[in-house]
DNA sequence: ATCATATTTTGTCCTAGACAATAAGATAGT
DNA sequence: ACTATCTTATTGTCTAGGACAAAATATGAT
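Residue numbers (full-length UniProt numbering), protein chains in the order written: chain A, 1 to 291; chain B, 1 to 291.
Here is the structure:
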């Protein structure tokens with residue numbers, strides 16, 4: 001039995017949203033304490049967790065609440081994991097923790113950094129996301145994998161004395177920081193001097209940090225869990241707060257639906273990074289002709 | 001001009017709290033858009049930031065709102081930084097980024113891990129906290145220092161094949177993860193097998209992770225920014241959800257006012273860790289007689 | 001099929017009142 | 001003078017039901 005605030009943190013759903021769902025759809029139906037405050041029983045929490053996952057998979061609340069709890073559960077099980085990457089699934093679900101690091105490093109050496117990210121890490125993340133959503137991957141294992149991958153990728157970010165300096169970070173509320181890391185390494189590979197601040201920063205702190213690093217650009221990542229509205233608001237605010245000579249780069253699934261913000265380069269596909277780099281930092285080629 | 005939600009994230013103050021302050025104290029007095037929604041101007045945001053800092057320094061809202069903005073600013077400037085640690089202040093504010101790592105490592109080698117933490121890192125954190133609160137330390141520099149210290153400390157956490165296994169983590173909303181890291185290293189030094197998950201986890205995920213690691217105990221850190229109420233609720237909930245044979249250890253300033261939760265060891269001072277270890281894991285001495 | 005327009009859906013914000021948990025102040029007892 | 005218990009004040013979180021713009025979907029026209 002948890003309070004509405006705890007539930008909100010647990011699921012990453014706003015308190016207001018939880019209440020309005022109850023009003024509109026008649027679910028959840030929490031019990032009440034003597035004060036009349038909501039107390040959510042475990043069964044409903046589990047159900048809401050499924051709803052949230054299905055929502056992230058593209059289903060809309062109206063449809064989901066029209067189903068019974070059992071139907072929703074069935075719908076989630078029915079979501080198939082992409083089976084093109086059968087080898088990746090094995091890696092994700094079965095390879096032992098101790099071998100994981102070695103396996104990842106082997107892949108990195110075989111493919112080279114760029115291909116490792118685009119052809120291996122990106123699909124890996126997709127399989128992981130999907131595995132987590134469909135309940136086939138434990139949270140703990142996901143953390144283990146993320147950690148392992150993050151350690152290896154961070155090693156690639158050796159400082160550069162030349163090239164445009166870019167600060168990579170995420171804003172408050174953003175739990176997924178791996179996409180940011182992947183993009184940072186790709187920009188680094190293109191010859192940029194990338195600085196990673198893997199924390200959830202309030203927008204005001206971003207200004208301070210960009211200034212401190214004397215960065216030429218700031219890159220931000222917005223995962224699907226962030227409401228597009230919020231991403232838009234924060235990006236617009238940040239653009240107004242930053243000097244105009246500092247470029248802004250934004251990416252992530254929250255921006256997938258064409259978003260045109262003046263003075264901000266939006267990039268929803270990691271494959272576009274090299275062309276984005278060429279566009280935004282044209283003098284890069286001079287310094288590093290073998291792009 | 002930012003919305004109430006953005007302001008809430010920016011300051012770490014609840015949306016409801018911001019509204020109730022306005023109702024009770026007549027401040028802040030945000031403008032409104034055409035919908036009647038609050039829009040906070042920059043000057044008031046700065047003032048609220050000062051209020052939040054003073055609140056963290058122990059002042060109460062009632063008193064603070066009775067003052068003018070200028071008086072609050074004066075009060076904050078008047079808060080003196082502890083001058084016993086003058087050398088630390090220099091380190092914090094003036095030592096160059098490149099030398100920082102070297103300086104910290106020198107200190108570590110001279111003092112040994114335990115003394116480095118208790119006699120150097122802890123005061124350092126205090127000076128940093130205070131420096132940030134009183135505006136004498138930029139956010140960016142604070143990040144740089146934290147990062148540098150974290151990197152060095154993490155290296156100390158080499159896995160152990162023996163000793164009680166403890167998972168260290170923080171719950172959703174906890175921004176300060178450095179205290180957790182310090183305690184993890186101290187426990188490690190006492191002979192425990194410490195695993196660090198430096199993320200803000202929902203309570204349900206903590207259960208999953210403790211299970212995954214097959215841990216004997218879980219340690220949680222609650223900084224001053226967390227409301228004691230919330231810490232209490234989460235700890236109680238977690239205790240109920242965890243098997244009784246798994247120990248719980250909680251620490252941090254949010255628990256400073258004697259909190260007695262059944263089945264949870266509370267430790268608000270890092271100096272107590274060795275005795276806490278002796279109490280909770282009595283067979284440690286047998287494996288590592290030179291404590 | 002592609003684009004512009006109408007409709008539904010959805011999340012966030014509003015007001016004003018309530019109350020328990022916490023902290024502070026007051027009183028009594030060693 | 002100092003600690004323990006009681007009383008009062010302060011503070012944060014929760015409630016209800018209404019409102020509306022932004023996003024998503026359906027409809028119609030080219």
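Backbone N, C-alpha and C fix where the C-beta goes; we use that ideal spot for every residue, glycine too.
The beta carbon of residue 173 of chain A sits closer than 8 Å to some beta carbon of chain B. Apart from sequence neighbours up to five positions away, the residues of its chain that approach residue 139 of chain B with a beta-carbon distance below 8 Å are 132, ordered along the chain.
Interface annotation, residue 34 of chain A: not in contact with chain B, CB-CB separation never under 8 Å. Interface residue (Cβ-Cβ distance to chain A less than 8 Å): residue 38 of chain B is not classified as such. For residue 209 of chain A, the neighbours in chain B by C-beta distance under 8 Å run, in chain order, 139, 140, 143. Taking a cut-off of 8 Å on C-beta distances, the region 165 to 184 of chain A touches the region 221 to 240 of chain A, as three or more cross pairs fall below it.
Using a Cβ distance threshold of 8 Å, residue 52 of chain B and residue 13 of chain B count as a contacting pair. Contact between residue 143 of chain B and residue 167 of chain B fails: their C-beta atoms lie close to 25 Å from each other, not under 8 Å. Using beta-carbon distances, residue 185 of chain A does not count as an interface residue toward chain B, since no partner is under 8 Å. Within its own chain, the residues whose Cβ lies closer than 8 Å to the Cβ of residue 276 of chain A, once the five positions on either side in sequence are excluded, are 249, 265, 267, listed in chain order. Ranked by how close their Cα comes to the Cα of residue 145 of chain A, the residues A:130, A:124, A:155, A:160 have A:124 in first place. If you draw a straight line from the Cα of residue 58 of chain B to the Cα of residue 68 of chain B, it comes to about 18 Å. Nearest in C-alpha terms to residue 4 of chain B, of all of B:94, B:55, B:42, is B:42. Taking CB atoms only, residue 9 of chain B has a neighbour in chain A less than 8 Å away.
Put simply, the backbone Cα of residue 99 of chain A is about 41 Å away from that of residue 259 of chain A. Contact residues of the region 227 to 249 of chain A toward chain B are 230, 233, 234, 237 (C-beta to C-beta distance below 9 Å).
Contact with chain B is absent for residue 262 of chain A, since none of that chain's Cβ atoms lies less than 8 Å from the residue's Cβ. Residue 100 of chain B sits in a helix when the DSSP states are folded into three classes. Counting only runs of 4+ residues, the alpha helix (DSSP H) found wholly inside the region 207 to 273 of chain B occupies 228 to 241, in chain order.
Here the C-alpha atom of residue 273 of chain B lies approximately 7 Å from the C-alpha atom of residue 186 of chain B.
Annotation for residue 194 of chain A: the continuous beta strand (DSSP E) segment containing it runs 193 to 201. Counting only residues of its own chain and dropping the five nearest sequence neighbours on each side, residue 256 of chain A has a CB closer than 6 Å to the CB of 268.
Per DSSP, the unbroken beta strand (DSSP E) holding residue 165 of chain A starts and ends at 165 to 171. Taken through DSSP and simplified to helix, strand or coil, residue 279 of chain A comes out as helix. Between residue 121 of chain B and residue 182 of chain B, the beta carbon gap of about 6 Å places them in contact (Cβ cut-off 8 Å). Restricting attention to A:17, A:50, A:108, the CA atom closest to the CA of residue 154 of chain A is found in A:108. Within the DSSP secondary-structure output, residue 39 of chain B pairs in a beta bridge with B:31. Around the C-beta of residue 169 of chain A, 16 or more other C-beta atoms lie within 10 Å, and the residue is accordingly described as buried. Runs of the alpha helix (DSSP H) lying entirely within the region 77 to 155 of chain A and spanning at least 4 residues, in chain order: 86 to 93, 97 to 111, 122 to 133.
In this structure, the straight-line span from the alpha carbon of residue 48 of chain B to that of residue 29 of chain B is close to 11 Å. The Cβ-Cβ distance between residue 119 of chain A and residue 130 of chain A does not fall below 8 Å. Here the alpha carbons of residue 93 of chain A and residue 244 of chain B stand approximately 29 Å from one another. Residue range 178 to 189 is occupied by the alpha helix (DSSP H) that includes residue 189 of chain A. Using beta-carbon distances, residue 205 of chain A counts as an interface residue toward chain B, with a partner under 8 Å.
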